[in-house]
Amino acid sequence: MNRKRKIVLIAALLIITELLAGKISRVQSDQHLAKVLINLNHEMESIFNDALMTSEVLKEIVLISPNKSITEVAFNKASKALLETYTHVDSLLLLPNGIVSYAYPYAENKGAIGHNVLEDINRKLGAKSSICEKKTAVIGPVKLVQNGKLAFILRASIADENGFIGLTSSVIHLDSIIEKIERSLKNNEIENYSIVGFNPDSKNCSDKIITSQGTLQGYQSNGDINIFKTTWKISVSQENSGTLIRLLVFAVLSTLTMLIVTPAAYFKKYRFYEKEKSTLQKEAHTDFLTGLLNRRGFDNKLDALTKSDSYGAVAVLDIDFFKSINDRYGHDIGDSALVHFSAVCATQIRDHDILSRTGGEEFMLLMLNTELSQAQEICERLRKMISQKPLIHDELSIKMTASVGLSSFVTPKDISIALSLADEALYKAKQGGRNRVCVNV
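So the sequence shown is residues 464 to 904, counted in our numbering.
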């Protein structure tokens, strides 16, 4: 290889290395983030399932209570038991007609008592969504009126056949959720990320940023953190440049190139010999005049069927009075008759049928997975078409007919018997006046 070609080859290897390394790095980044998110989402599901359960249980307590109302003592008792069971939830609130009346623990939530979320411009969107859709709504992260902390609020609408009763609120502080997320990302060596989420109490897009760290640059892997019924979008970028990947890719490509270039001449010669071998094998199995399989090729097809469970039919076809055509018009016309016969047959058989010229004017047709009645229809159609399509050669129009012997087989090992029976049927067709199909089973 001359110097110019070596330079071109090395440049090509470097370009391909860069493309492949970048692709591999992106795939690895995507796969890594996907694995992290599986575990993270499982943890988030556990946290918010606690909030859902507390909100729904409190709602049911209200619905089964007399006059659809409970006392503060009953609320505190129920809330205490719920928070001891579902430890991820920080606070519970009860809002008859949308007004905070009870809160637990009281000390850190007393600032919310008397707050009407249906009139608060920063809360009414989420509250009304829960009421209208009659299902639990996730709000946040928002700043709590009672203590200024950022938190998620799971609101469940309480209603019966008479209409709206109130709301329940389960509160989960944002700090604990973010702490779990950041710890998980750090443990998995993710240092550059941004997380954004949806807040139904806000129309301002700038309020959607949840948390971020580092700088996003280059390729970014994206995924979803499922926060109950909402989704946070996380974007991650890798800090390293993938130098090791590039070195490995270049080494592999260089090795492969050497393995390909060095024995190229050998493989070229090998392919040539294989092509010659294939050509010779095809010629050995093909009738040079008609292009159909010859007897050897036909037998080879039969041998290939020995291990199958195929059934079907086989026909032996013979051009009537072919010797007379040869004697009267000469061998060239006789050859044209054979080619014409083959062409007409090819138009009438199916793609998976096997037609061969097995000698002289004799042909064989193998019809796999075909019932005898269907095979007889095919042979009749073929016979009629041959009689309707005379051989046209210059000014000559030579009418041709064919006799057909047909038999069937149940398994491939019965084909030789079926061929013998078809031969006998052909003889009967000849004896019976030619230009007919005879069946022998």
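Don't be surprised by glycine CBs; every beta carbon is placed ideally from N, CA and C.
Apart from the 5 residues on each side of it in sequence, Asp513 sits with its Cβ closer than 6 Å to the Cβ of Tyr549, His551, Val552 in its chain, given in chain order. The three-state reading of DSSP puts His748 in helix, counting H, G and I together. Spanning the alpha carbons of Asn610 and Asn572 requires a straight line of approximately 7 Å. Within a 10 Å sphere around the beta-carbon of Ala714 sit fewer than 16 other beta-carbons, which makes this residue exposed. In the displayed model, Tyr549 falls within coil according to three-state DSSP, outside both helix and strand. For Lys606, DSSP records a beta bridge to Leu613. Considering only Trp695, Leu637, Arg820, the residue with the shortest C-alpha distance to Gly660 is Trp695. In summary, Asp816 is buried, with 16 or more beta-carbon neighbours lying within 10 Å of its beta-carbon over all protein chains present. Taking every protein chain shown into account, the CB of Asp781 has 16 or more other CB atoms within 10 angstroms, so this residue is buried. Every unbroken stretch of the beta strand (DSSP E) spanning 3 or more residues and falling wholly within the region 810-853 is given here in chain order: 817-822, 825-831. Under the DSSP definition of a beta bridge, Leu556 partners with Ala566, Ser632.
Cβ-Cβ distances below 7 Å link Ile479 to Leu716 in the same chain, with the five nearest sequence neighbours on each side left out; the list follows chain order. By alpha-carbon distance to Ile635, the top candidate from Thr833, Thr517, Gly629 is Thr517. In this structure, Ile690 places its C-beta atom within 8 Å of the C-beta atom of Phe511. Each residue's CA atom was taken as its position, placing Tyr774 and Leu831 some 6 Å apart.
Three or more beta-carbon pairs separated by less than 8 Å link the region 796-807 to the region 751-768, which places the two stretches in contact. The Cβ neighbour count for Ala800, taken over all protein chains shown within 10 Å, is at least 16; the residue is labelled buried. Taking a 10 Å sphere around the C-beta of Leu710, we find fewer than 16 other C-beta atoms and assign the residue as exposed. Collapsing the DSSP output to three states places His495 in a helix.
Within the same chain, Cβ atoms closer than 7 Å to the Cβ of Ser698 are found at Tyr656, Ser657, Leu679, Gln683, Asn685, the five residues on either side in sequence being excluded.
If you look at Leu869, you'll find it in the beta strand (DSSP E) that goes 865-872. For Asn579, the closest of Leu558, Glu858, Ala888, Tyr567 by C-alpha to C-alpha distance is Leu558. In the three-state reduction of the DSSP assignment, Ile644 falls in the helix class. Where Leu765 is concerned, the enclosing alpha helix (DSSP H) starts and stops at 758-767. When the Cα atoms are used, Gln851 and Phe761 turn out to be separated by approximately 28 Å. Inter-residue distance for Val873 and Ile880 is about 11 Å (C-alpha atoms, whole angstroms). A Cβ-Cβ separation of about 17 Å leaves Ala776 out of contact with Ala865 under the 8 Å criterion. Residue burial annotation: Ser542 is buried, with at least 16 other C-beta atoms found within 10 angstroms of its C-beta.
Bridge partners of Gln676 according to DSSP: Tyr656.
A direct Cα-Cα distance of roughly 23 Å separates Arg897 from Leu859.
Straight-line spacing of the CA atoms in Asn651 and Leu496 works out to 9 Å. With respect to the 8 Å criterion, Leu555 and Tyr569 are not classified as neighbours on the basis of their beta carbons.
Residue range 878-894 is occupied by the alpha helix (DSSP H) that includes Gln894. Sequence-distant Cβ neighbours of Gln701 in its own chain, meaning closer than 6 Å and more than five residues away, are Ser492. With fewer than 16 other Cβ atoms from the protein chains shown falling within 10 Å of its own Cβ, Thr769 counts as exposed. Your pair Ile487 and Ile723 does not check out as a contact, with CB atoms roughly 21 Å apart and the cut at 8 Å.
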